[in-house]
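K.L.:
Dropping a structure here in structure tokens format, bear with me for questions.
Residue numbers (full-length UniProt numbering): 1 to 716.
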């Protein structure tokens, strides 16, 4: 570290830290040449050590989350059915396709079963590769089949170890991004340590292993690292091309593995658009990044058999609109302050109008309605009118789609992450505002820069991008708790970069007239080291205690249900029930489902609402008719839903169904004036009375403390 500080001393270096200084090496006395050689050697040693630390931290993180998973479930000791049940809700659905591919007679037969699937949705044949992002399961299953590892490693371990291995990629990408921004791997070390110590808020991979975001976020982090490097100045053309290729591959893999990729990349495109408008990024590089996003998404569209939801995405419409608007409006970055401001406002309005027109045109042609539930949810969430829409309310009532809880900030503050983040964010935002005003000042720019010379206010393009990125994803996380993992991981990067950055400490020290080069370097290295020592002292004992805590998977009712289904029902039987439970039924038993948790299809959403009438106030004749229309042989009723207490009144599943059906809700409380009492009692309660009006259609064949299974009569 001492050598690094010495190399940065001096006004010449200070004025142009990133500029090459080869001309100094030709002096005849040979001393500077010797210093340069020593500096290069130190850089090689430092880079090597930094790289080893990055890889080591990545591997340690993988081992850490894998150990937590094992200790929490005793995964190595429980039965296969218990392992599969531990993949809750949609996780079980995705893993079932991996299991299906492994068990297929051949790879070709396995792929055929996915393309022409008639077990995921009864009385329908759907293309799983088109509807869902499961190429990762396909790839892993093929890899498992062709590698000589079957005798040494069970399929489930190959699967979960791959996901835990991706955590290593994730941490290394965060480490590298912070390193690139600050210029020191000490920043990357701090980012990785913050990621680990704030694990509760940065990842949930250890208990939701197959979730799509656990596949996608490591590639998203790699993409951000690639963009950060691409936006550096003085890159050679070959470096730019290779970096663009890496960004494209990461973008493609991110898009391939998560159905919500388009919304995340839309926010990213907005960040690029804002920075380009304020002349804070090179326009040519921004254009290439727009093209990379579009091409990556279109390639995924082709692989997903031209999935219409991708073609109708706002991202494609927005990026196309920006490129079109640029050709229409010329000289956006010339003129006086007010002139440029007016042009920018017109430019933003033009892009917005073009985006809406193009998107509406595409959706009209494709008759696209797959993502309408998302926009209904957003409309209701942000107060643009109350809704009785069942799908929108289903999301609104889930805690994961609510506002970010305040206790998140107290946890992040315990590790000092939140305090440092706010400090760095404030200083960088002030700097960005000054730079924006400077860039928009036009002809006054030179005079303005002369005025600001003493403060030396600078903001490199890569830092500017990461600033806007963290702000926009911060707003997303604050509004929707489930998306916090996109923000908190980048928060670790941004805070650690700021704490080790010249761009933060230099203007701050100059502003309070305490700046010297030596003092700045002492601060930018000593404070991160002190922070690391504090984190280690406070959290190392807790991590050790966590790793020594042993628990065991225990869900005997679900195990009993799955075992009964497998032993007492035909392989062709069709089951109806809650989407979360049915995902487990498919994985554990291979039976056909009426509905499932992958909600990005309008027909499935309508079907799910109909199936859920088993928890509404409907007549046995109506429920029987609905279930039989989907080919149902057995229906599973859950007491935890029928007598739900987890949600408050108005958010229980039965309440959502009552309101959607125009019926008054149960319990004390207000009802909307146009709601009417139902003519029938609640089906899931009344069927247990075994009245003749119910037993003529439904016969109970299984029961335990949690589940009730009824077989439907065939003669009606």
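Glycine included, each C-beta is placed from N, C-alpha and C at the ideal position.
1. Mind the definition here: the segment 520–539 touches the segment 224–242 only if three or more C-beta pairs lie below 8 Å; say whether that holds.
2. Spell out the partners DSSP gives residue 718 in its beta bridges.
3. According to DSSP, simplified to helix, strand and coil, what is residue 575?
4. I want to know whether the segment 414–426 touches the segment 202–214 - three or more CB-CB distances under 8 Å.
5. Give every residue of the same chain whose Cβ lies closer than 6 Å to the Cβ of residue 683, excluding the five residues on either side of it in the sequence, and list them in chain order.
6. Assess contact between the segment 259–266 and the segment 312–321, defined as three or more Cβ pairs (one per stretch) separated by less than 8 Å. Is contact present?
7. Tell me, to the nearest whole angstrom, how far the beta carbon of residue 763 is from that of residue 587; I am working on the premise that it is less than 8 Å.
8. Use the C-beta contact count for residue 730: other C-beta atoms within 10 angstroms, 16 or more gives buried, fewer gives exposed.
9. If you run the structure through DSSP and keep just helix, strand and coil, what is residue 259?
10. Go through the segment 299–339 residue by residue and report every complete run of the alpha helix (DSSP H) that reaches 4 residues or more, in order.
11. Helix, strand or coil, according to DSSP, for residue 663 in the structure here?
12. State yes or no: is the C-beta of residue 73 within less than 8 Å of the C-beta of residue 97?
13. Around the C-beta of residue 200, are 16 or more other C-beta atoms found within 10 angstroms, so that it is buried, or is it exposed?
14. Are the segment 159–170 and the segment 54–64 touching by the rule of at least three beta carbon pairs closer than 8 Å?
15. List the DSSP bridge partners of residue 607.
16. Pop quiz: residue 244 and residue 292 are said to be a contact at Cβ under 8 Å. What is the actual Cβ separation, rounded to whole angstroms?
17. Just reading off the beta strand (DSSP E) that residue 699 is part of, what are its end residues?
18. Output needed for residue 303: all residues of its chain with C-beta closer than 6 Å, excluding positions within five of it in sequence on either side, in chain order.
19. Report the option in 217, 574, 658, 241 whose CA atom is closest to the CA atom of residue 632.
20. Would you kindly work out how many angstroms separate the C-alpha atoms of residue 541 and residue 136, rounded to a whole number?
21. Based on Cα-Cα distance, which residue from 144, 82, 241, 161 lies nearest to residue 61?
22. Judging by CA-CA distance, which residue of 216, 221, 369, 286 is the nearest neighbour of residue 240?
23. Do residue 496 and residue 194 come within 8 Å of each other at the CB atom, strictly closer than that value?
24. Exposed or buried, what is residue 23 when buried is set at 16 or more other beta-carbons lying within 10 Å of its beta-carbon?
25. Determine, using beta carbons only, whether residue 53 comes closer than 8 Å to chain C.
26. In three-state DSSP terms, what is residue 48?
27. Identify the residues that DSSP records as bridge partners of residue 117: which are they?
28. What are the complete alpha helix (DSSP H) segments, minimum 4 residues, inside the segment 221–255?
29. Can you tell me which of the three DSSP states residue 592 falls into?
30. Using the rule of at least 16 other Cβ atoms within 10 Å of the residue's Cβ for burial, across every protein chain shown, is residue 121 buried or exposed?
31. Check residue 714 in the structure and name its three-state DSSP category.
32. Label residue 331 either buried or exposed according to how many other C-beta atoms from any shown protein chain fall within 10 Å of its C-beta, with 16 as the threshold for buried.
33. Run through DSSP, which three-state label would residue 419 get?
34. Cβ of residue 476 within 8 Å of Cβ of residue 704?
35. Got a sec? Which residues, its chain only, sit under 6 Å from residue 700 by beta carbon, not counting five neighbours each side?
36. Helix, strand or coil: which one does DSSP assign to residue 524?
P.N.:
Inspection of the coordinates gives the following:
1. Using a Cβ-Cβ distance cut-off of 8 Å, the segment 520–539 and the segment 224–242 are not in contact, since fewer than three pairs of beta carbons, one from each stretch, lie closer than that value.
2. In this structure the chain extends from 1 to 716, so residue 718 is not present and cannot be described.
3. The answer is strand: DSSP assigns residue 575 an E or B state.
4. Cβ pair count under 8 Å is below three, so no.
5. Listed in chain order, the non-local C-beta contacts of residue 683 below 6 Å within the same chain comprise 614, 618, 623, local neighbours out to five positions each way being set aside.
6. yes
7. Any answer about residue 763 is impossible in this case: the structure gives the chain only from 1 up to 716.
8. The structure shown has nothing for residue 730, since the chain only spans 1 to 716.
9. coil
10. 308–311, 314–328
11. strand
12. no
13. exposed
14. yes
15. DSSP, once it has assigned bridges, lists no residue as partnering residue 607.
16. 7 Å
17. Note, residue 699: beta strand (DSSP E), 698–703.
18. none
19. 574
20. 37 Å
21. 161
22. 286
23. Yes. Within cutoff.
24. The pLDDT assigned to residue 23 is 37, lower than 50, so where the model puts this residue is not dependable, and the model offers no usable value.
25. The question asks about chain C, but that chain is absent: this structure has only one protein chain.
26. helix
27. 126
28. Counting only runs of 4+ residues, no alpha helix (DSSP H) is found wholly inside the segment 221–255.
29. strand
30. That one is buried.
31. coil
32. exposed
33. The answer is helix: DSSP assigns residue 419 an H, G or I state.
34. Contact: no.
35. Cβ neighbours of residue 700 beyond the five flanking positions: 710.
36. helix
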